[in-house]
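No gaps in the numbering here: position 84 of the sequence shown is 590 in the working numbering, and each next residue is one more.
No residue lacks a Cβ here, since even glycine has one placed at the ideal position from N, Cα and C.
All remarks here apply to the structure that follows.
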Amino acid sequence: MGDWFEKQRRELLQIIEKFTLEDGTHDTQVPGLRLIRTSELSEPVYSVYEPSLCIVAQGSKVVMLGQEVYHYDPSSYLTASAHLPITGQVMEASRETPYLSLQILFDMNQILDIMQASGEAIRAKSEASRGLKVSRMQDTLLDAVLRLVKLIETPQDIPVLAPYVIREIIYRVLQNENNASLKQFAVIGSHAQRIAGVVERLNRDFAQPLRIDELAAEARMSASSLYDYFKEVTGMSPIQFQKHIRLQEARRLIFSRSINAAEAAFQVGYESPSHFSREYARMFGLPPVRDVRRLRSYLVDGITVSE
Numbered sequence: 507m508g509d510w511f512e513k514q515r516r517e518l519l520q521i522i523e524k525f526t527l528e529d530g531t532h533d534t535q536v537p538g539l540r541l542i543r544t545s546e547l548s549e550p551v552y553s554v555y556e557p558s559l560c561i562v563a564q565g566s567k568v569v570m571l572g573q574e575v576y577h578y579d580p581s582s583y584l585t586a587s588a589h590l591p592i593t594g595q596v597m598e599a600s601r602e603t604p605y606l607s608l609q610i611l612f613d614m615n616q617i618l619d620i621m622q623a624s625g626e627a628i629r630a631k632s633e634a635s636r637g638l639k640v641s642r643m644q645d646t647l648l649d650a651v652l653r654l655v656k657l658i659e660t661p662q663d664i665p666v667l668a669p670y671v672i673r674e675i676i677y678r679v680l681q682n683e684n685n686a687s688l689k690q691f692a693v694i695g696s697h698a699q700r701i702a703g704v705v706e707r708l709n710r711d712f713a714q715p716l717r718i719d720e721l722a723a724e725a726r727m728s729a730s731s732l733y734d735y736f737k738e739v740t741g742m743s744p745i746q747f748q749k750h751i752r753l754q755e756a757r758r759l760i761f762s763r764s765i766n767a768a769e770a771a772f773q774v775g776y777e778s779p780s781h782f783s784r785e786y787a788r789m790f791g792l793p794p795v796r797d798v799r800r801l802r803s804y805l806v807d808g809i810t811v812s813e
């Protein structure tokens, strides 16, 4: 990366640092723009990525989707095309040089609008690709992102200028050949768009029994096609995906509401508390009670987690 890129990156991280005085995820007045700061190496953080663009100004992060690992830093960026359960971990951060990043949420209507404005033929295709991508950062994209973040300093300009800059950012992302498949998640009737619909349903109805035939009928696919395309997009089978969502929600319930493990298990759809505890320990490394006790000890010690 050249001098111009480094100058832009430094200006970006200075603004993020200015508006994130404490560690954590900070919403801004710019719709869909979040700023993230972490001053220490994080424990693995389990969350669900929304369709979004994630950019690092300082530090680096690793994200796991299923068994796949995605690493990104200031020279790259990550795009998420669907609501996906991930495990994220900040790999470079300190009090002196905190991890600083941003996330820009987008929706598929914005992508369709840009495709139409570009005169691109909108055709549903029988293809689907992984819902996470890491791409090399480009000067034109960084320039647009910096202009969006700078609007935080002039909030009176946000209603007029932010929609146009966000539109440019999405356009720049779609220009990258690595993100060409992102367009199919926006095209109604495409295999990618239908799988995204199944993903949304599993995120919403995770506590309900998993009925593959019903999901396949809703997606207008055979059960075998649903399985294959779902795994192509998410890196997991539908049942593995549901398990991730259930366990993440159970962990949140136990931690934030102080309910016991058995009650959390029933709320997220498990019929057997012992089965739940085994799967919980397999995913998070410890049984529920010990895991939550460890999480609380990290908070007491001042260690925070981030998106």
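Under the criterion of a Cβ to heavy atom distance below 7 Å, does residue i qualify as lining the ligand PLP?
i	result
Met643	Absence of the ligand PLP is noted for the structure shown, with no ligands found whatsoever.
Apart from the five residues just before and just after residue i, which ones in its own chain have a Cβ nearer than 7 Å to its Cβ?
i	result
Val806	In this predicted model, Val806 has a pLDDT of only 48, less than 50, meaning its place in the structure is not dependable; the value taken from the coordinates is given anyway. Around Val806: no qualifying Cβ.
Val562	Tyr578, Asp579, Pro580, Ser607
Asp663	Leu657
Arg800	Leu792
Gln748	Leu708, Phe712, Leu716
Lys689	Ile617, Met621, Leu680
Gly508	none
Leaving aside the five residues before and after residue i along the sequence, list all residues of the same chain whose C-beta is less than 8 Å from its C-beta, in chain order.
i	result
Gly791	Asp797
Gly808	In this predicted model, Gly808 has a pLDDT of only 44, less than 50, meaning its place in the structure is not dependable enough to derive any value.
Phe612	Gly538, Pro557, Ser558, Leu559, Ile672, Ile676
Glu724	Gly703, Val704, Arg707
Ile628	Leu618, Met621, Gln622, Val693
Glu674	Ala650
Nearest by alpha-carbon distance to residue i: which of the options is it?
i	options	result
Gly695	Ile676, Gly775, Arg726	Arg726
Cys560	Lys639, Asp711, Asn766, Val774	Lys639
Ile610	Pro537, Gly594, Pro550	Pro537
Gly594	Lys749, Ser632, Glu674, Ser553	Ser553
Met789	Arg516, Val551, Glu523	Val551
Tyr776	Leu518, Ile522, His750	His750
Ser548	Phe782, Arg540, Ser566	Ser566
Gln754	Ala787, Arg802, Asn682	Ala787
Glu659	Ile522, Ser743, Tyr576, Ser803	Ile522
Tyr583	Arg678, Ser783, Ser743	Arg678
Phe772	Glu785, Val795, Ala756	Ala756
Ala588	Val795, Ser687, Glu785, Ser731	Ser687
Ala630	Gln699, Ser731, Ser624, Glu674	Gln699
What does a CB cutoff of less than 6 Å around residue i pick up in its chain, not counting 5 residues either side in sequence?
i	result
Glu574	Gly741
Ile592	Tyr555, Val569, Leu571
Val739	Ala634, Gly637, Ile701
Lys524	none
Leu682	Correcting the residue identity first, residue 682 is Asn in this sequence and not Leu. Taken in chain order, the residues that qualify are Ser641.
Tyr605	Thr544, Gly565, Val596, Ala599
With C-beta atoms as the reference, is residue i less than 8 Å away from residue j?
i	j	result
Ala729	Ile718	yes
Leu680	Phe511	no
Phe691	Met614	yes
Gln520	Leu652	no
Ile672	Leu654	yes
Thr603	Asn685	no
Arg752	Phe712	yes
Ser778	His697	no
Ile760	Ala768	no
Pro661	Gln535	yes
Pro794	Ser783	yes
What does DSSP give as the partner residue(s) for residue i in the beta ladder?
i	result
Gly530	Arg543
Leu559	Thr585, Ile610
Lys567	Tyr578, Val596
Lys639	Thr585
Pro591	Val554
Tyr605	Thr544
Of all Cβ atoms in chain C, is any one closer than 8 Å to the Cβ of residue i?
i	result
Phe525	Included in the structure is just one protein chain, with no chain C present.
Practice task
For the region 632-647 and the region 523-533, state whether three or more C-beta atom pairs, one from each stretch, are separated by less than 8 Å.
Solution key: The region 632-647 vs the region 523-533: no contact.
Practice task
Take every Cβ of the region 656-671, pair it with every Cβ of the region 696-709, and state whether three or more of those distances are shorter than 8 Å.
Solution key: no
Practice task
Decide yes or no for the touch test of the region 588-605 against the region 535-549: beta carbon pairs closer than 8 Å, at least 3 of them.
Solution key: yes
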